[in-house]
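UniProt numbering applies: residue 1 is where the sequence shown begins, and numbers increase by one.
No residue lacks a Cβ here, since even glycine has one placed at the ideal position from N, Cα and C.
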Amino acid sequence: MIYKYDPPVTDDDIYNYEKYFTCDEDDYMCKFNQNSSCQIVLKNCWSSYSDDDCKKLSTVCDSIDSGIIPNFKDIEVNVSNVSQEVTSEDTNNEETVESIKTEDGYVIPDSLLTYLNCPIGNSICKNSKGSACTSSYSICGSNPETLSQTFESFRIETGNLTPEEYCKIHYSVCNMIIDYNPPLTDDYIYDLDRYLTCNDGDSLCQFGQESSCNTVLSLCWGNYSDSDCNKLASTCEKIYSKKTTTKINASTKNNKVHTIKKTIVKRRS
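Dropping the structure here:
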């Protein structure tokens with residue numbers, strides 16, 4: 001009964017956005033749980049609250065990973081300005097941005113890119129995103145004859161895609177999370193503090209940061225100076241040294257590696 005029971009939705013669930021932003025920056029499991037909670041509230045929102053309130057809550061759910069609470073007044077102003085002023089410079093910039101595509105060449109819509117925004121090589125983040133992606137993909141198992149109505153009832157924006165096309169891309173995204181990494185940028189090499197943000201004793205966070213740091217290090221050699229890469233290597237070694245209580249030994253790390261499994265989503269027939 002515990003897994004099936006959800007308490008009634010309250011005004012606090014709909015309007016108190018801060019309650020969904022209590023996680024530490026690198027606590028991906030916490031963010032995943034908060035997002036799951038937010039999505040459940042959102043599912044029940046549409047039948048009891050206004051479309052405007054539920055659309056705002058939907059934006060809140062999508063913003064949990066970033067850790068930034070949306071300022072809807074600013075959003076309204078920005079949308080107004082963008083709609084009134086579309087310059088040739090903006091158009092040129094859009095043309096130079098390379099879209100992220102699935103292996104079979106489909107452009108991934110913005111609503112699905114959230115599953116691919118993990119730092120390079122962060123296994124813990126990728127596992128969390130894989131679970132979230134698989135969970136949200138379950139809607140694609142709806143009756144094909146009523147899939148369009150299901151998407152409408154959940155307010156899922158598909159752009160120019162049909163629900164069937166969207167589900168096909170969603171399926172591909174879930175299966176590319178583990179192998180996909182964003183482009184290597186200078187921040188990964190020179191912003192060394194980004195790898196040292198875990199709390200002492202937070203083994204999951206530290207393991208994720210170490211896997212990210214070591215993956216970046218493997219890309220560093222040959223692309224940056226030996227001096228820069230050596231500094232990065234020293235930082236990778238410091239990640240676990242911040243831990244003061246228990247220290248994960250090599251065998252424990254190996255066991256953890258075996259728990260990082262590639263997310264394979266069963267395609268809906």
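Under the DSSP definition of a beta bridge, which residues are partnered with residue i?
i	result
W221	Y224
N101	Note that residue 101 is Lys in the sequence shown here, rather than Asn. DSSP lists V107 as partners of K101.
Just to confirm my understanding: we take residue i, look at its own chain, exclude 5 residues before and 5 after, and list those with CB closer than 8 Å. What are they?
i	result
D12	K19
P7	none
Y106	E165, K168, I169 and S172
I239	Y195, L196, C198, Q206, Q209, E210 and C213
D228	I189, Y190 and C220
residue 286	Nothing about residue 286 can be read from this structure; the chain reaches only from 1 to 269.
K43	F154
Cα separation between residue i and residue j?
i	j	result
S142	T150	7 Å
N214	G208	10 Å
S234	N223	18 Å
K126	N175	11 Å
V216	N117	15 Å
S128	E152	27 Å
T146	C167	14 Å
Y171	L232	35 Å
D200	L192	17 Å
S203	E25	15 Å
residue 272	V9	Residue 272 lies beyond the stretch modelled for the chain, which goes from 1 to 269, so this question has no answer here.
I14	L57	7 Å
I156	L184	31 Å
S50	N16	16 Å
F32	A132	7 Å
K115	D53	The question names Lys, yet the displayed sequence has Tyr at residue 115. Going by the C-alpha atoms only, they are around 25 Å apart.
K55	T134	23 Å
F21	P144	36 Å
E103	N160	20 Å
D187	S47	44 Å
S148	S225	53 Å
P163	C236	43 Å
S218	N122	14 Å
N230	E98	31 Å
Whole-angstrom Cβ separation of residue i and residue j, contact assumed at under 8 Å?
i	j	result
C61	C30	At roughly 15 Å, the Cβ-Cβ gap does not stay under 8 Å, so C61 and C30 are not in contact.
I100	L113	7 Å
Q34	C23	6 Å
With a threshold of 7 Å on Cβ separation, who are the neighbours of residue i within its own chain once the five nearest residues in sequence on each side are excluded?
i	result
P182	I120
S241	none
I139	T150 and F154
Y137	H170, Y171, C174 and V265
S111	E157
S83	For S83, the predicted structure reports a pLDDT of 37, less than 50, and the residue's modelled location is therefore unreliable. A value from the coordinates is still provided. Closer than 7 Å at the Cβ level, and outside the excluded window around S83, lies no residue.
Once you ignore the five residues that flank residue i on each side, which residues in its own chain have a CB closer than 6 Å to its CB?
i	result
Y28	I124, C125 and S128
P109	G159
S63	P70
I68	none
I180	The residue asked about is misnamed: residue 180 is Tyr in this sequence, not Ile. Contacts found: L116.
Can a CB atom of chain C be found closer than 8 Å to the CB of residue i?
i	result
S211	Of the protein chains in the structure, only one exists, and it is not chain C.
### Task
Output the residue ranges of the beta strand (DSSP E) runs that lie fully inside the region 103–183 and measure 3 residues or longer, sorted by chain position.
Segments of the beta strand (DSSP E) lying fully in the region 103–183: there are none.
#### Entry: Every unbroken alpha helix (DSSP H) inside the region 42–66 [4 residues or more]
DSSP runs (the alpha helix (DSSP H)) wholly in the region 42–66: 51–63.
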